[in-house]
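Quick note on the working numbering: the sequence shown kicks off at 1 and runs consecutively. Worksheet for the structure shown next.
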Amino acid sequence: MISIPNTLLQEVDGIIAMDKLSRSQFVREAMRLYIEERKRKAVRDMMKKGYQEMAVINLALAEEGLLADVETFGMMPGLIAESE
Numbered sequence: 001m002i003s004i005p006n007t008l009l010q011e012v013d014g015i016i017a018m019d020k021l022s023r024s025q026f027v028r029e030a031m032r033l034y035i036e037e038r039k040r041k042a043v044r045d046m047m048k049k050g051y052q053e054m055a056v057i058n059l060a061l062a063e064e065g066l067l068a069d070v071e072t073f074g075m076m077p078g079l080i081a082e083s084e
């Protein structure tokens with residue numbers, strides 16, 4: 001047995017009348033959608049956490065690449081002068 005406030009039940013009854021569903025069908029569909037949404041949220045949360053963890057690694061790699069670029073471009077004037 002479940003307890004539902006009258007206002008919510010009236011709203012549900014209006015929806016099921018328009019959609020030609022039974023209360024049981026409505027509840028099954030609502031439960032299925034709720035479970036799907038929770039799964040989607042769990043995946044989003046895991047992805048968010050993964051991206052946040054990878055951000056530190058990506059920043060370190062970008063800084064390494066920047067340092068290598070600075071060193072390479074710092075040697076460029078000498079290389080250009082040698083080729084002239």
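Glycine residues also receive a C-beta, built at the ideal position from the N, C-alpha and C atoms. None of these values were measured; they are calculated from a predicted model.
- Along the length of the segment 3 to 41, whole alpha helix (DSSP H) runs at least 4 residues long occupy 6 to 19, reported in chain order.
- Secondary structure of M47 (DSSP, three-state): helix.
- In this structure, DSSP gives M1 a state outside helix and strand, which the three-state scheme calls coil.
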